[in-house]
Amino acid sequence: MSRKPSAALLAALCLSCTAFIPRAKAQFALKTNLLYDATTTPNIGAELAVSQKNTINLVYGLNPWTFSDGKKAKHWVAMPEFRWWNCTAFNGSFFGVHAMGGQFNAAKVNLPIPGAFFGGDNIRTGVKDSRMQGTFAGVGATYGYQWSITRHFNIEAEIGVGYNHIWYDKYPCTECGNKIKSGQTNYAGITKLGLSLMYIF
């Protein structure tokens with residue numbers, strides 16, 4: 098059996114943290130992170146109030162594109178989060194804890210990943226002249242704020258910091274099948290950055 102966690106296992110682990118939260122009178126929102134959209138990664142989020150001051154949030158992003166000259170930053174990520182609100186849900190500031198998991202396949206790109214890699218290859222520099230693909234999983238903490246624009250629309254700004262462990266394979270070029278190496282590395286830094294448009298039901 099492979100030492101790498103499967104995509105299905107990562108998704109199950111990420112979603113499991115929402116399974117034991119008691120339901121309250123539902124207030125539900127759908128959202129998209131406009132900053133994430135700007136990186137050519139379509140994404141969708143859903144947030145559900147479980148009490149007056151707590152919500153659960155789940156975001157999924159998918160980048161399936163290969164661009165000219167073999168450039169690509171293909172990936173998917175699922176990110177569940179539990180949030181505590183200072184006032185009431187969907188209003189004002191909040192703090193959260195999030196998990197994340199996904200897969201990536203990137204080559205010939207400058208990845209906008211702030212933070213530090215340690216204990217293995219630097220993925221950010223490694224994909225500039227080679228191809229790297231793999232799996233990642235991690236945790237982090239979030240701070241954010243929501244502004245009510247109309248009865249149904251909110252704007253949300255958020256930032257999160259945390260840790261990811263990454264399992265990867267490295268190849269010499271975009272289409273080459275000869276693997277250079279397999280390895281593991283760690284990342285600490287910004288794990289979330291968002292400016293989202295929301296619709297609240």
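If you count by the working numbering, then the sequence shown holds residues 98 to 298, one letter each, in order.
Ideal placement from N, C-alpha and C gives every residue a C-beta, glycine not left out.
- Query: In terms of residues, what are the limits of the alpha helix (DSSP H) holding residue 248?
  - Reply: From DSSP, residue 248 is part of no alpha helix (DSSP H); its letter is neither H nor E.
- Query: Can you list the alpha helix (DSSP H) stretches of 4 or more residues lying completely in the stretch 190-278, in chain order?
  - Reply: With a minimum length of 4 residues, the continuous alpha helix (DSSP H) runs that stay inside the stretch 190-278 are 220-223.
- Message: Let me make sure I understand the geometry here. Which of 199, 253, 186 and 261 has the alpha-carbon closest to that of residue 219?
- Response: 261
- Of all the options 283, 268, 265 and 245, which has the alpha carbon lying nearest to the alpha carbon of residue 126? 245
- Query: Any idea if residue 242 is buried or exposed, counting beta-carbon neighbours within 10 angstroms, 16 or more meaning buried?
  - Reply: exposed
- With a Cβ-Cβ cutoff of 9 Å, do residue 239 and residue 193 count as a contact? Closer than 9 Å, so yes.
- Message: Classify residue 136: buried if its beta carbon has 16 or more other beta carbons within 10 angstroms, exposed otherwise.
- Response: With fewer than 16 other CB atoms across the displayed protein chains lying within 10 angstroms of its CB, residue 136 is exposed.
- Task: Give the straight-line distance between the Cα atoms of residue 297 and residue 172, rounded to the nearest whole angstrom.
- Result: 28 Å
- For residue 134, the first and last residue of its enclosing alpha helix (DSSP H): 131-134
- Label residue 143 either buried or exposed according to how many other C-beta atoms from any shown protein chain fall within 10 Å of its C-beta, with 16 as the threshold for buried. exposed
- Task: Using DSSP bridges, identify the partner residues of residue 293.
- Result: 130 and 253
- From 287, 201, 140 and 255, pick the residue whose C-alpha is nearest to that of residue 157; which is it? The shortest C-alpha separation from residue 157 is found at 140.
- Would you list the residues sitting across from residue 139 in a DSSP beta bridge? DSSP output for residue 139 lists no bridge partner at all.
- Taking the continuous beta strand (DSSP E) assigned at residue 177, which residues delimit it? 169-182
- Item | Rounded straight-line distance, which links the Cα of residue 169 to that of residue 197 | When rounded, the separation of the alpha-carbon atoms in residue 197 and residue 169 is 21 Å.
- Item | Residues near residue 205 in its chain [Cβ-Cβ closer than 6 Å; skip 5 each side] | 167 and 168
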